[in-house]
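Everything on this sheet refers to the single structure shown next.
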Amino acid sequence: IPVNCAALPEALLENELFGHAKGAYTDASLPQQGLIAEAESGTLFLDEIDGLSLTAQAKLLRFLQEGEYRPLGGTKPLRSNARIVAATNTHLVERVKAGTFREDLYFRLHILSLSLPPLRDRPEDIPLLAKYFLKKYCRRFRSEYKILSPGALLKLASYEWPGNIRELEAVIQRAIVLSSIPLIQAEEVDLPASVSTPSKRDFPFQALKRRTIDTFEKSYLSQLLMTHRGNVSRAAKDAGKDRRAFRRLMEKHGLVRQQFLHLDRAVRGESHAG
529 IPVNCAALPE ALLENELFGH AKGAYTDASL PQQGLIAEAE SGTLFLDEID
579 GLSLTAQAKL LRFLQEGEYR PLGGTKPLRS NARIVAATNT HLVERVKAGT
629 FREDLYFRLH ILSLSLPPLR DRPEDIPLLA KYFLKKYCRR FRSEYKILSP
679 GALLKLASYE WPGNIRELEA VIQRAIVLSS IPLIQAEEVD LPASVSTPSK
729 RDFPFQALKR RTIDTFEKSY LSQLLMTHRG NVSRAAKDAG KDRRAFRRLM
779 EKHGLVRQQF LHLDRAVRGE SHAG
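Residue numbers (the working numbering): 529 to 802.
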């Protein structure tokens, strides 16, 4: 169960996490269990945990240490075996020093810690993430499947991404809406004007360029083969290549026509089933 700790007011957040007893406040005519209770035998994901108030932090610490908590207005502690996973995009050590995050809770959460580098430090992940978001939002927007041109991918790789993956996700959504053809061009990738030239940070340009082109080639070939239901000759003609050159590219990327024949049958089967 996910909850964004920074998105809810302090009083409401405590109520969401721990629930309340009947009569806890004016409108509490019935008791309500919190997310910790709902996550029994499961996992509660606390995103932006630095958004918890000091009071809520103290309650969470007790739950982590004792396995029990007290609903708002409650007189008896309740127990839950829910697991807690927390995330933040801030440096909690600095929050501890500033007195806005409890040191004991920090060490209790720090038993197992995973640090995810910002997107600007791993540009090689951008083509894969972009492809994932393209599939996700083309399906959600009921749009034809779209791919990014090499120029569009290189433009994405040149950006600093202060908003990390969420910003990339929003950029891909806009590109899908703005593009009127399946191949999204660089000018349809809406980024701040300051990114008119590649950034000066150091990353393996040749390796990234090669991976970007490979990602484009595979997506482009797959789209053509899906369009022509695995017919290699027609797909090659659309690509402006002879059949043998097209087949070599298919072999390079591990593509076989049979997988697109099967895909087409599956899609038609789903359509009939609906």
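A virtual CB, placed ideally from N, CA and C, is assigned to each residue, including glycine.
Query - CA nearest to the CA of F546, picked from Y748, T554, D578, G595 - result: The residue given as residue 546 occupies position 18 in the sequence shown. Of Y748, T554, D578, G595, the residue nearest in Cα terms is G595.
Requested in this report: Would you give the residue range spanned by the beta strand (DSSP E) that V613 belongs to?
Outcome: If you number the sequence shown from 1, residue 613 lands on position 85. Counting along the chain, V613 sits inside the beta strand (DSSP E) bounded by residues 611-614.
Report task. State the DSSP-derived secondary structure class of D649, mapped to helix, strand or coil. Result -> Here residue 649 corresponds to residue number 121 of the sequence shown, with the count starting at 1. Correct three-state label for D649: helix.
Query raised in the report: Alpha carbon to alpha carbon, what distance is there between L711 and L753?
Result: Here residue 753 refers to the residue found at position 225 when the sequence shown is read from its first residue. Here residue 711 refers to the residue found at position 183 when the sequence shown is read from its first residue. Rounded to whole angstroms, L753 to L711 spans 15 Å at the Cα level.
Report task. Count the CB pairs spanning the segment 628-641 and the segment 651-660 that are closer than 8 Å, and state whether there are at least three. Result -> no
Query raised in the report: In terms of DSSP beta bridges, what is L606 paired with?
Result: Position 78 of the sequence shown, counting from 1, holds the residue named residue 606. L606 is bridged to Y597.
Report task. Mark H619 as exposed unless 16 or more other C-beta atoms lie within 10 angstroms of its C-beta, in which case mark it buried. Result -> Your numbering for residue 619 matches position 91 in the sequence shown. The residue is exposed, with fewer than 16 neighbouring Cβ atoms inside 10 Å.
Query raised in the report: Tell me which same chain residues have a C-beta within less than 7 Å of the C-beta of S671, skipping the five on either side of it?
Result: Here residue 671 corresponds to residue number 143 of the sequence shown, with the count starting at 1. Excluding positions up to five away in sequence, the list reads I704.
Requested in this report: Just the C-alpha distance for E715 and A698, rounded to the nearest angstrom, thanks.
Outcome: Taking the sequence shown and counting its residues from 1, one reaches residue 715 at position 187. Taking the sequence shown and counting its residues from 1, one reaches residue 698 at position 170. About 16 Å.
Report task. Please report the residue range of the beta strand (DSSP E) in which L657 lies. Result -> Numbered from its first residue, the sequence shown carries residue 657 at position 129. Here L657 belongs to no beta strand (DSSP E); instead the alpha helix (DSSP H) covers 654-668.
Query raised in the report: Since L600 contacts A549 with CB under 8 Å, what's their CB separation in whole angstroms?
Result: Position 72 of the sequence shown, counted from the first residue, corresponds to residue 600. Position 21 of the sequence shown, counted from the first residue, corresponds to residue 549. That pair is a contact at about 7 Å.
Report task. Return the CA-CA distance between V784 and S747, expressed in angstroms with no decimal places. Result -> What you label residue 784 is simply residue 256 of the sequence shown in a count that begins at 1. What you label residue 747 is simply residue 219 of the sequence shown in a count that begins at 1. Distance between the alpha carbons of V784 and S747 is about 13 Å.
Query raised in the report: From F629, L558, I577, G570, pick the residue whose C-alpha is nearest to that of L541; which is it?
Result: Walking along the sequence shown from the start, residue 541 turns up at place 13. It is I577.
Query raised in the report: With distances taken from CA atoms, which of S677, K625, S608, R590 is nearest R636?
Result: In the sequence shown, residue 636 corresponds to position 108, counting from 1. Here the closest residue by C-alpha is R590.
Query raised in the report: Taking DSSP as the reference, what is the three-state secondary structure of T755?
Result: Position 227 of the sequence shown holds residue 755. If DSSP states are grouped into helix, strand and coil, T755 belongs with the helices.
Query raised in the report: Below 9 Å between beta carbons: does that hold for L682 and K674?
Result: Residue 682 sits at position 154 when you count from the first residue of the sequence shown. Residue 674 sits at position 146 when you count from the first residue of the sequence shown. Contact flag unset, no.
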